[in-house]
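Enquirer:
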Amino acid sequence: MQTALQKSASIRSIAFKPAAANAHINRRAAVRVSAKKTDAASAGTDVGAAGLAAIAAGLVANPVMLFSEYTLKTTGEGIPPGPGGLYGALEGVSYLVVLGIIGWSIATKLRTGSGLPAGPSGLLGAVEGFSYLSLLGAIVVFGLTFLEKGGLPGIFG
1 MQTALQKSAS
11 IRSIAFKPAA
21 ANAHINRRAA
31 VRVSAKKTDA
41 ASAGTDVGAA
51 GLAAIAAGLV
61 ANPVMLFSEY
71 TLKTTGEGIP
81 PGPGGLYGAL
91 EGVSYLVVLG
101 IIGWSIATKL
111 RTGSGLPAGP
121 SGLLGAVEGF
131 SYLSLLGAIV
141 VFGLTFLEKG
151 GLPGIFG
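Mapping the sequence shown onto the numbering used here, position 125 (from 1) lands on 125, and the numbers just tick up by one.
1. Helix, strand or coil for Val127? Go by DSSP, reduced to three states.
2. Using the Cβ count rule (16 or more neighbours within 10 Å means buried), how would you classify Ser134?
3. Under the rule that 16 or more other beta-carbon atoms within 10 Å means buried, what is Pro153, buried or exposed?
4. Could you please give the first and the last residue of the uninterrupted alpha helix (DSSP H) stretch that includes Ser68?
5. Assign Val140 to buried or exposed, taking buried as 16 or more other Cβ atoms, counted over all protein chains shown, within 10 Å of its Cβ.
6. For Leu152, name the three-state secondary structure that DSSP assigns.
7. Look at the Cβ atom of Leu124, then the Cβ atom of Gly51, and state whether they are nearer than 8 angstroms.
8. Suppose the cutoff is 7 angstroms on Cβ atoms and the five residues either side in sequence are ignored; what does the same chain contact list for Asp39 look like?
9. Give a yes or no on whether the C-beta atoms belonging to Ser131 and Ile102 are separated by under 8 angstroms.
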């Protein structure tokens, strides 16, 4: 049995002639190629139910969190409670969802050495990156509000 290096050397030693002159094919020089199904498109698409839930929740929670940060910076208050406290609850749950996605990302990074998989159409990776940006925005806005007012509304001030 030949090794891959021997096969490669024997293939390189074959004299290449025009197609009409090289009608006889040497069977020993034929190379078999096998391919695994590891294309980049299907590598990170299976994220399971938790990944799909994180995509759905993150696509809603990140814009809500960013709007809350914008509202806090411009008005000095968070999102108004709304009817029956619905908007305030959505704001609080959005912060928890974003922190949960970041926690999952950090745990995955520590365990595997890489972040969350890209997911279908790269959405889980996008939600992960968007969550880190939302957290950065929260840190900046909370810090500026704390310096301007001496505390955060409803917590210290």
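Ideal placement from N, C-alpha and C gives every residue a C-beta, glycine not left out.
Since we're looking at a predicted model, the values are computed, not measured.
Expert: Concretely, from the data shown:
1. Val127 sits in a helix when the DSSP states are folded into three classes.
2. Classification for Ser134: buried.
3. Pro153 comes out exposed.
4. According to the DSSP assignment, Ser68 belongs to the alpha helix (DSSP H) that extends over 48-75.
5. Val140 is classed as exposed because its beta carbon has fewer than 16 other beta carbons within 10 Å across all chains shown.
6. In this structure, Leu152 counts as coil in the three-state DSSP scheme.
7. Closer than 8 angstroms, so yes.
8. With a pLDDT of 47 at Asp39, under the threshold of 50, the modelled position of this residue cannot be trusted; read the value that follows with caution. Counting only Cβ-Cβ distances below 7 angstroms, and skipping sequence neighbours, we find nothing.
9. Between Ser131 and Ile102, the gap from beta carbon to beta carbon is short of 8 angstroms.
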